[in-house]
Amino acid sequence: MSDLFKDIIPSILQHKRPVLEDNKQYNAFVVNRALSFHYDCVLQCNEMNKYPGLDGAMQYQYLLNTVRGYKRPFRKWEKRETIDDLEAVKEYYNYSYEKAKEALVLLSNAQKEKIRKAIDKGGKNDSKPRRVRGS
């Protein structure tokens, strides 16, 4: 049984030997995302995104035969940036991520503080570790 990250993606990018045994092993979204971080594979990934109904084996064969094989540097997957007070604005105004991001730019520091206080649910503040008196 082939592993997606250890066998299937390296077979497309580097050694060009077919390793796909079963269609269920091939996850088109993950493969396209992994390949799209390499500038020379973007067009092939876009072609596969145009035809999502294609069989996994067909997509694999297309990528295996069209992507040029060589050792590429590791590309870290991008993560969404964390923004302070974004969750507070989302909860207070019942906004989506994008709307809250836009609204956060417009709010003053005093308004942000007011929102933080309004949605504060109480409870313990774990910013300071508790001291335990030992015997």
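Residue numbering for the sequence shown follows my numbering, starting at 6 and increasing by one per position. Even glycine gets a Cβ: it sits at the ideal position worked out from N, Cα and C. Everything numeric in this text was worked out from a predicted model, so none of it was measured.
Arg80 is positioned such that its CB atom lies closer than 9 Å to that of Phe42.
With respect to Tyr67, Ile13 sits apart: the two C-beta atoms are not nearer than 9 Å. Shown here for Lys129: not one same chain residue has a beta carbon closer than 6 Å to its own, the five before and five after excluded. Boundaries of the alpha helix (DSSP H) around Lys95: 91–98.
Bounds of the alpha helix (DSSP H) holding Glu107 are 102–111. In this chain, Thr87 is not harboured by any alpha helix (DSSP H), its DSSP state being neither H nor E.
If you draw a 10 Å sphere on the C-beta of Tyr31, you find 16 or more other C-beta atoms in it, and that means buried. Distance from the Cα of Lys84 is smallest, within the candidate group Lys76, Pro23, Asp27, Arg38, for Arg38. Under a 10 Å Cβ-count criterion, Val47 is classified as exposed, with fewer than 16 other Cβ atoms of the shown protein chains found around its own Cβ.
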